[in-house]
Amino acid sequence: MINDDIKRRIDTLLAHCFNDVLVSDDTHWEVDKYNFDVTVQSNLFIMITISSYACRFLVILHVEKNDNIYQYIANCLQIEAEQLDDRQYYEYLKEMCNNLVGTLKRELNVTIGHLGMSTPDNITSESVQYLYDQPCSYKQIFKAKKQESIFFCSLYLYLDTDNMDLVIPDMAEKSIDEESIEQGELELF
């Protein structure tokens with residue numbers, strides 16, 4: 009079983025990564041644990057995984073398609089909400105999920121080697137319910153709220169029974185200087 013310290017580290021790490029990918033102007037996002045309820049009001053689910061020989065993390069971004077989320081994405085893309093089409097909307101959310109899990113993977117790579125990451129893809133609410141009903145080592149959901157915009161992010165952890173020595177980086181021990189040094193620029197060719 010996963011002990012309370014590992015759960016705390018996972019929660020802190022996921023909240024940190026979730027907060028990292030949310031673009032903000034002068035107001036900040038409130039990111040908190042949410043009472044785990046797979047039926048949170050969402051009509052779009054984007055899933056991505058991180059896997060190694062010891063464990064598997066499955067992350068789902070839950071989004072309610074509404075005017076507030078459209079406005080948030082339009083602001084991030086620096087366009088008017090009326091100009092935002094469905095393709096841009098879905099691409100932005102998939103990229104947001106990809107950045108979230110990429111940040112999580114980068115942090116986990118410090119202590120867990122040989123991690124692979126999938127690409128983001130939409131899944132149905134029935135699939136989300138199925139995943140929720142399946143046994144896993146740990147699951148948690150976070151809610152990010154800024155004014156009327158709300159995102160949910162759920163994480164499922166599956167451990168290989170032979171590998172119970174899971175080590176998760178402790179974000180509480182990480183200094184601001186270390187964090188700023190580790191962040192680099194992505195170079196595209």
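Residue numbers (my numbering): 9 to 197. Positions of the beta carbon are idealized from the N, C-alpha and C atoms, including for glycine. None of these values were measured; they are calculated from a predicted model.
N-terminal and C-terminal residue of the beta strand (DSSP E) that residue i is part of
i, result
"C63", "C63 to V71"
"L167", "S157 to L167"
"S198", "Outside the modelled stretch of the chain, which goes from 9 to 197, sits residue 198, for which no answer is possible."
"D129", "D129 to I131"
Range of the contiguous alpha helix (DSSP H) that encloses residue i
i, result
"I89", "Residue 89 is actually Ala in this sequence, not Ile. Unbroken run through A89: none, as it is neither H nor E."
"E99", "D94 to L116"
"N27", "D12 to V29"
Residue i - DSSP class collapsed to helix/strand/coil
i, result
"L123", "coil"
"Q148", "strand"
"D75", "helix"
"V39", "strand"
"D141", "helix"
"I81", "helix"
"P177", "coil"
"V136", "helix"
Outcome for residue i when other beta-carbon atoms lying within 10 angstroms are tallied against a minimum of 16
i, result
"K73", "exposed"
"P128", "buried"
"E115", "buried"
"I68", "buried"
"I54", "buried"
"K41", "exposed"
"R95", "exposed"
"I56", "buried"
"V31", "exposed"
"I77", "buried"
Cutoff 8 angstroms: residue i Cβ touching any chain D Cβ
i, result
"N83", "Among the chains in the structure shown there is no chain D, since it carries only a single protein chain."
CA nearest to the CA of residue i, picked from the options
i, options, result
"L165", "C63, M125 and D40", "C63"
"K154", "A23, D13, I18 and E38", "E38"
"H36", "Y146, D93, Y97 and Y80", "Y80"
"N11", "S145, T20 and F160", "S145"
"D19", "Q148, E88 and L92", "Q148"
"E103", "G121, N117 and S126", "S126"
"N107", "L22, I158, T132 and S133", "L22"
"N43", "Y61, S162, Q137 and E156", "S162"
Whole-angstrom C-beta distance between residue j and residue i, which should lie under 8 angstroms
i, j, result
"F26", "F150", "6 angstroms"
"I176", "T111", "I176 to T111, Cβ: 14 angstroms. No contact."
"N117", "L123", "6 angstroms"
"Y98", "C84", "The pair is not a contact, with the Cβ atoms about 14 angstroms apart (cut-off 8 angstroms)."
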